[in-house]
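Report on one structure; see the data block that follows.
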């Protein structure tokens, strides 16, 4: 969809909605089935990426031995983030 959208210029919400509706109708059923099957993998990947970002963010403001003392990151297991 993104490659198709890069060529589009919309002037109103209605134009956008019409284009998206026509794109959905143009895709075959297997396209959507495949996307639904892949969704758990995609979500796990995205959550892992978010975990890396959150750990880096924590490390910038808090350290293991106290505020801004040691320079070591606080890393929590991925499962604790859920």
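In full-length UniProt numbering, the protein residues as written are 1 to 82. Backbone N, C-alpha and C define an ideal beta-carbon position, used for all residues, glycine too.
Query: Where the alpha helix (DSSP H) containing residue 17 begins and where it ends; Result: 13-26
Query: Backbone secondary structure at residue 30 - three-state DSSP; Result: helix
Query: Backbone CA spacing between residue 39 and residue 29 [nearest angstrom]; Result: 16 Å
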